[in-house]
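Number of protein chains: 2
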Amino acid sequence: MTNDGRVDPLWFDSWRGVLFASARVLSAVEPRLQEHSGISLAFLDVLGRLYDAPEGKLRMQELQQRSLFTRSGMTRLVDRMEAAGLVRRESVPGDRRGVLVAITPEGSRLHEEALARHLLDLEQEFASRLTPAQHKALAEALSQFWHE
Amino acid sequence: MTNDGRVDPLWFDSWRGVLFASARVLSAVEPRLQEHSGISLAFLDVLGRLYDAPEGKLRMQELQQRSLFTRSGMTRLVDRMEAAGLVRRESVPGDRRGVLVAITPEGSRLHEEALARHLLDLEQEFASRLTPAQHKALAEALSQFWHE
DNA sequence: CGTCAGTAGTTGCGATGTCAACTATTGTTG
DNA sequence: CAACAATAGTTGACATCGCAACTACTGACG
């Protein structure tokens, strides 16, 4: 039914590769993170950003913009992380509308442990399947999608 | 707070590239598909598989295995597509447990139109940002993730 | 043949995420 | 400085998806 077996343009396999690689690796790695550290990738992602931030704090706004979530999505994510004791909401000095999200000591500890294991999982599911030259090529070709 | 600015192994930028490329391109392209053709990427994906299948029919099982959905997810997806008149459930001759999903004429028409536009969107958001050599490298490096 | 493990698909329930509307606060402008 | 647009974040209603339990049917084995 295809218009003779080859509809796809030249770049299509490259797109499919990106799509499937991310989906397959994520679905392999996320359950393990959940199992080992009891958190989702979204949690780890936010923990990481706070961990790397000055004083371990960021505004909701900043968290949201650097992530793949919407504002309301970030609100709910932080709700859950706060309920789990990993972050704390604080007020922003000088702007009573804003909210500052601060990582707790428990959040920091969990982040360190979870990230270490997570990197091992990623190593196995993704990194080890490509050569160093391939990693270099991927990084260069695709950096434009996150580098701003 | 990072253990001095560089925790990440060498392959990390390559992974981040894959992750962000897929997320950013999807979130750019999906709303446009929705707007132009009124369907989600999941719909288009299933339509495509049926369109390319002999007689435009596949079993639930086959649809599910070739996709990124679970069995229950595929049940619900097909529910919605059937409600929209794009596919029809039929019985499998010789196995009364099974369900055959058949694309309708309306589904075929929609697929043709939606895919054409979708490829243009992908072209713009993904393909045009890389050189042919880069596409070739990506395709070769990442084909292992979908090529079964 | 009758029993019973295995397979196909659906469904209830809960988790997660979006959109649009809302509240509260800030900033701008005549 | 009063009025009003803009910004920060939250909330309610809803869509989507996975897991585990369920139904129905098939096939293998004694």
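For the protein sequence lines, the chains are F and L, in the order given.
If you're matching positions, the first sequence starts at 391 in the working numbering and goes up one per residue.
If you're matching positions, the second sequence starts at 391 in the working numbering and goes up one per residue.
Even for Gly, the Cβ is constructed at its ideal location relative to N, Cα and C.
Alpha carbon to alpha carbon, what distance is there between residue j and residue i?
i: residue 410 of chain F; j: residue 510 of chain F; result: 20 angstroms
i: residue 505 of chain L; j: residue 438 of chain L; result: 8 angstroms
i: residue 422 of chain F; j: residue 430 of chain F; result: 9 angstroms
i: residue 460 of chain L; j: residue 512 of chain F; result: 23 angstroms
i: residue 402 of chain F; j: residue 443 of chain F; result: 38 angstroms
i: residue 492 of chain F; j: residue 473 of chain L; result: 46 angstroms
i: residue 446 of chain F; j: residue 508 of chain F; result: 21 angstroms
i: residue 426 of chain L; j: residue 481 of chain L; result: 33 angstroms
i: residue 471 of chain L; j: residue 456 of chain L; result: 17 angstroms
i: residue 514 of chain L; j: residue 487 of chain F; result: 38 angstroms
i: residue 406 of chain L; j: residue 529 of chain F; result: 8 angstroms
i: residue 433 of chain L; j: residue 424 of chain F; result: 29 angstroms
i: residue 536 of chain L; j: residue 463 of chain F; result: 30 angstroms
Against chain F, does residue i count as a neighbour if the rule is that its beta carbon must be under 7 angstroms from one of theirs?
i: residue 430 of chain L; result: no
i: residue 407 of chain L; result: yes
i: residue 531 of chain L; result: yes
i: residue 459 of chain L; result: no
i: residue 404 of chain L; result: yes
i: residue 525 of chain L; result: yes
Does the beta carbon of residue i come closer than 7 angstroms to any beta carbon on chain L?
i: residue 508 of chain F; result: no
i: residue 435 of chain F; result: no
i: residue 528 of chain F; result: yes
i: residue 414 of chain F; result: yes
With H, G and I counted as helix, E and B as strand and the rest as coil, what does DSSP make of residue i?
i: residue 400 of chain F; result: coil
i: residue 442 of chain F; result: coil
i: residue 518 of chain L; result: helix
i: residue 462 of chain L; result: helix
i: residue 543 of chain L; result: In this structure chain L extends from 391 to 538, so residue 543 of chain L is not present and cannot be described.
i: residue 449 of chain F; result: strand
i: residue 428 of chain L; result: coil
Going by beta carbon distance, what residues of the same chain come within less than 6 angstroms of residue i, once the five residues before and after it are set aside?
i: residue 533 of chain F; result: none
Tell me which same chain residues have a C-beta within less than 7 angstroms of the C-beta of residue i, skipping the five on either side of it?
i: residue 496 of chain F; result: 475, 476
i: residue 467 of chain F; result: 432, 436, 459
Quick one: residues in its chain with C-beta nearer than 8 angstroms to the C-beta of residue i, no 5 flanking neighbours on either side, listed in chain order?
i: residue 494 of chain L; result: 475, 476, 477, 478
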